[in-house]
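There are 2 protein chains.
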Amino acid sequence: MMLTGMHVAIIGGDARQLEVIRKLVELDAKLSLVGFDQLAHHFTGVTKMSIEEVDFADLDAIILPVHGTTLDGKVNSVFSHEPIPFTEEMVQKTAKRCTVYSGISNSYLDELMKKTGRKYIQLFERDDVAIYNSIPTAEGTVMMVIQHTDFTIHGSRIAVLGLGRVGMTVARTFAALGAKVKVGARRSEHLARITEMGLEPFHLNDLEKEVRDIDVCVNTVPHLIVTASVIAKMPAHTLIIDLASKPGGTDFRYAEKRGVKAILAPGLPGVVAPKTAGQIIANVLAQLLYQDLQKRKENKQ
Amino acid sequence: MMLTGMHVAIIGGDARQLEVIRKLVELDAKLSLVGFDQLAHHFTGVTKMSIEEVDFADLDAIILPVHGTTLDGKVNSVFSHEPIPFTEEMVQKTAKRCTVYSGISNSYLDELMKKTGRKYIQLFERDDVAIYNSIPTAEGTVMMVIQHTDFTIHGSRIAVLGLGRVGMTVARTFAALGAKVKVGARRSEHLARITEMGLEPFHLNDLEKEVRDIDVCVNTVPHLIVTASVIAKMPAHTLIIDLASKPGGTDFRYAEKRGVKAILAPGLPGVVAPKTAGQIIANVLAQLLYQDLQKRKENKQ
Numbered sequence: 004m005m006l007t008g009m010h011v012a013i014i015g016g017d018a019r020q021l022e023v024i025r026k027l028v029e030l031d032a033k034l035s036l037v038g039f040d041q042l043a044h045h046f047t048g049v050t051k052m053s054i055e056e057v058d059f060a061d062l063d064a065i066i067l068p069v070h071g072t073t074l075d076g077k078v079n080s081v082f083s084h085e086p087i088p089f090t091e092e093m094v095q096k097t098a099k100r101c102t103v104y105s106g107i108s109n110s111y112l113d114e115l116m117k118k119t120g121r122k123y124i125q126l127f128e129r130d131d132v133a134i135y136n137s138i139p140t141a142e143g144t145v146m147m148v149i150q151h152t153d154f155t156i157h158g159s160r161i162a163v164l165g166l167g168r169v170g171m172t173v174a175r176t177f178a179a180l181g182a183k184v185k186v187g188a189r190r191s192e193h194l195a196r197i198t199e200m201g202l203e204p205f206h207l208n209d210l211e212k213e214v215r216d217i218d219v220c221v222n223t224v225p226h227l228i229v230t231a232s233v234i235a236k237m238p239a240h241t242l243i244i245d246l247a248s249k250p251g252g253t254d255f256r257y258a259e260k261r262g263v264k265a266i267l268a269p270g271l272p273g274v275v276a277p278k279t280a281g282q283i284i285a286n287v288l289a290q291l292l293y294q295d296l297q298k299r300k301e302n303k304q
Numbered sequence: 004m005m006l007t008g009m010h011v012a013i014i015g016g017d018a019r020q021l022e023v024i025r026k027l028v029e030l031d032a033k034l035s036l037v038g039f040d041q042l043a044h045h046f047t048g049v050t051k052m053s054i055e056e057v058d059f060a061d062l063d064a065i066i067l068p069v070h071g072t073t074l075d076g077k078v079n080s081v082f083s084h085e086p087i088p089f090t091e092e093m094v095q096k097t098a099k100r101c102t103v104y105s106g107i108s109n110s111y112l113d114e115l116m117k118k119t120g121r122k123y124i125q126l127f128e129r130d131d132v133a134i135y136n137s138i139p140t141a142e143g144t145v146m147m148v149i150q151h152t153d154f155t156i157h158g159s160r161i162a163v164l165g166l167g168r169v170g171m172t173v174a175r176t177f178a179a180l181g182a183k184v185k186v187g188a189r190r191s192e193h194l195a196r197i198t199e200m201g202l203e204p205f206h207l208n209d210l211e212k213e214v215r216d217i218d219v220c221v222n223t224v225p226h227l228i229v230t231a232s233v234i235a236k237m238p239a240h241t242l243i244i245d246l247a248s249k250p251g252g253t254d255f256r257y258a259e260k261r262g263v264k265a266i267l268a269p270g271l272p273g274v275v276a277p278k279t280a281g282q283i284i285a286n287v288l289a290q291l292l293y294q295d296l297q298k299r300k301e302n303k304q
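Residue numbers (the numbering used here), protein chains in the order written: chain A, 4 to 304; chain B, 4 to 304.
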């Protein structure tokens, strides 16, 4: 699998993009790097340039950082002092075949991509990326539980809320460390899977009853579920880790009032394992770019 | 199991001793607490006093902190401003039946206990305590590996040196998190056990060869084994965590020179899980005190 002949612009980002660059260099793609002027490392055959120097008409793909742009259309880069503008005009210059990639989106990018009509892929919405990312997320959760409690995970009672892509990994990880794990879900197939995993299933309707004896609560459900009346039932020493995207699913105001420690922790992969997180993005991107290249070759034949 | 009729002095210590106090109160022992004057919490039926007020002749047991005394015979307490003297004269006042407990010993305590001839138990030398303590030790190691690497434990290559009480727990824990774990040992029964655990065994004679492809090295062997020539063979990104008691089994000077991160991390249980570490001590102490009490009753009959 090689990407020879593909021209890809990588605009801004953090340490994770270095893994993307490394991978695409290895696969022989032609790279235009924007926003990496402070990066000491030199990649063979790769050109660092300003956004004005990019030959947009020649591009097969544009790779934005995980967070895409700011709401006013700037791309942040930890390897550059200046945010980089990313405008509709630029995307309009690209050929129809050009695909734009980011991790997550926002209203600015949504509108821009709608107007330009180019193919737009949000990598973090893909199941494969979410499942791979659940591994560093679970390890980051383990780290935080060890840091913020005075007891071992081994032997403690942990409730995981939700058996989605993250919930399953978190539940399995804590069980592997010797915790007594119960998992709350609603769908009957999820309750079946929790049972199959050797863990204790419960229906989220019974959440208030089920939190009475726990030491740690890990939430993955992306809407308010750990309410004041749930928190009121927890032992005072319970630690809540909320992994749902902002603003999380916990009533943080009430938790603080009751003296229950509650931590919102989204985006753990980039924090605890930027190299692995970068490799996850790089591997999936390489696969998607290769599929694009194959399709183009087939169309030419 | 009750300790009614036992008179125990608890002298100094840290948060772990609070679990000991809690447990012995629960079992109805008579407690004399020295060095807890700054502790806000009041335990029912427990007397806080200065060392001069202790009725040594009446004591069945003296419980020193995990670290025993300083080398000049003082007991430190996080709940008191002043170190507490612990002298031969005090121990001589006790009845012959009085047993002294600490976690580990030192030359001062060794000599004092030899002179006085009282029964002296170092709890951390017991296999059961060492095995229970290996659980928070392994969790602390997990925490440090997550903190000090940019990759996940899952999928990384980890070498554990030694299959003792700590090595076995550490190896099992990292394997449970999805790491590729190899364990180095010398004894054939250890190599057999490593194989049975589904891990990759190797002989410590081959250490230099085996570290060429690892990401993390966890040492539990209490003498110099991670030598300069071993470190020279490791990839530059390898993280070394040394769990052996001070000064560890790693050539830290050479590791620093070569730019390999190496961390000496003894005493993790008291750091990452003081409550659990305290409960471990409390449970074993309660058992030992109860056995003492039973023996005394039998002798009286």
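Every residue gets a Cβ at the ideal spot worked out from N, C-alpha and C, and that includes glycine. None of the values given here were measured: they were computed from a predicted structure.
Item	Value
At least three beta-carbon pairs within less than 8 angstroms, the region 172–181 of chain B to the region 289–301 of chain A	no
First and last residue of the uninterrupted beta strand (DSSP E) at Val-148(B)	Premise fails: Val-148(B) lies in the alpha helix (DSSP H), 130–151, not in any beta strand (DSSP E).
Nearest-angstrom Cβ-Cβ length linking Ala-18(A) and Gly-143(A), presumed shorter than 8 angstroms	About 15 angstroms separates the two Cβ atoms, so there is no contact after all.
Euclidean distance between Cα positions of Val-81(A) and Leu-74(A)	18 angstroms
Alpha-carbon to alpha-carbon, Gln-282(A) and Ile-66(A)	14 angstroms
Bridge partner(s) assigned by DSSP for Tyr-123(B)	Val-103(B)
Pair within 9 angstroms by beta-carbon distance, Leu-62(A) and Thr-50(A)	no
Pair within 9 angstroms by beta-carbon distance, Cys-101(B) and Lys-77(B)	no
Cross-chain neighbours of Phe-154(A) in chain B, by beta carbon under 7 angstroms	Ala-276, Lys-278, Thr-279
Cα-Cα separation between Leu-30(A) and Met-4(A), rounded to whole angstroms	7 angstroms
Bridge-paired residues (DSSP) for Thr-97(B)	None; Thr-97(B) has no bridge partner.
Beta bridge counterpart(s) of Lys-77(B) as assigned by DSSP	Pro-88(B)
Short Cβ contact (9 angstroms threshold) for Thr-140(A) with Phe-154(B)	no
The region 287–295 of chain B touching the region 159–172 of chain A, judged by at least three CB pairs closer than 8 angstroms	no
Euclidean distance between Cα positions of Ile-161(A) and Cys-220(A)	6 angstroms
Assigned exposure category for Ser-108(A) - 16 Cβ within 10 Å defines buried	buried
Inter-residue Cα distance where the pair is Val-328(A) and Ala-12(A)	The structure shown does not extend to residue 328(A), since chain A is modelled only from 4 through 304, so no value can be given for it.
Cβ neighbour criterion (16 or more within 10 Å) applied to Asn-222(A)	buried
Where Phe-154(B) falls: helix, strand or coil (DSSP)	coil
For Glu-203(B), the first and last residue of its enclosing beta strand (DSSP E)	203–206
For Ala-285(B) and Leu-112(B), the rounded distance between their alpha carbons	21 angstroms
Whole-angstrom C-beta distance between Phe-89(A) and Thr-72(A), which should lie under 8 angstroms	5 angstroms
Local Cβ density within 10 Å of Thr-253(A), reported as buried at 16 or more and exposed below that	buried
Pairwise C-alpha distance: Leu-227(B) and Phe-2(A)	Since the first and last residues shown for chain A are 4 and 304, residue 2(A) lies out of range.
Nonlocal neighbours in the same chain, by C-beta distance under 6 angstroms from Lys-26(B), ignoring five residues either side	Ala-285, Ala-289
Integer Cβ distance of Met-200(A) from Ile-217(A), believed to fall under 8 angstroms	Actually they do not touch by this definition, with Cβ atoms about 18 angstroms apart.
Sequence-distant residues of its chain with Cβ nearer than 6 angstroms to Phe-255(A) (five each side left out)	Ala-265
Backbone secondary structure at Ala-289(B) - three-state DSSP	helix
Runs of alpha helix (DSSP H) lying entirely within the region 218–296 of chain B, each at least 4 residues, in chain order	231–234, 255–261, 271–275
Under 7 angstroms (Cβ pairs) to chain A, residues found in the region 145–174 of chain B	Val-145, Met-146, Ile-149, Gln-150, Asp-153, Phe-154, Thr-155, Ile-156, His-157
Per-residue burial, Gly-120(A) [other beta carbons within 10 Å of its own, 16 or more giving buried]	exposed
Chain-ordered chain A contacts of Pro-88(B) [CB-CB under 9 angstroms]	Per Cβ cutoff of 9 angstroms: no residues; Pro-88(B) is ~30 angstroms from chain A at best.
Within chain B, partners of Thr-176(A) - CB distance below 7 angstroms	Leu-180
Coarse secondary structure for Ala-60(B), derived from DSSP in three states	helix
Cα-Cα separation, Val-163(B) to Ser-53(A)	48 angstroms
Proximity test, Cβ basis, 9 angstroms: Ile-138(A) and chain B	yes
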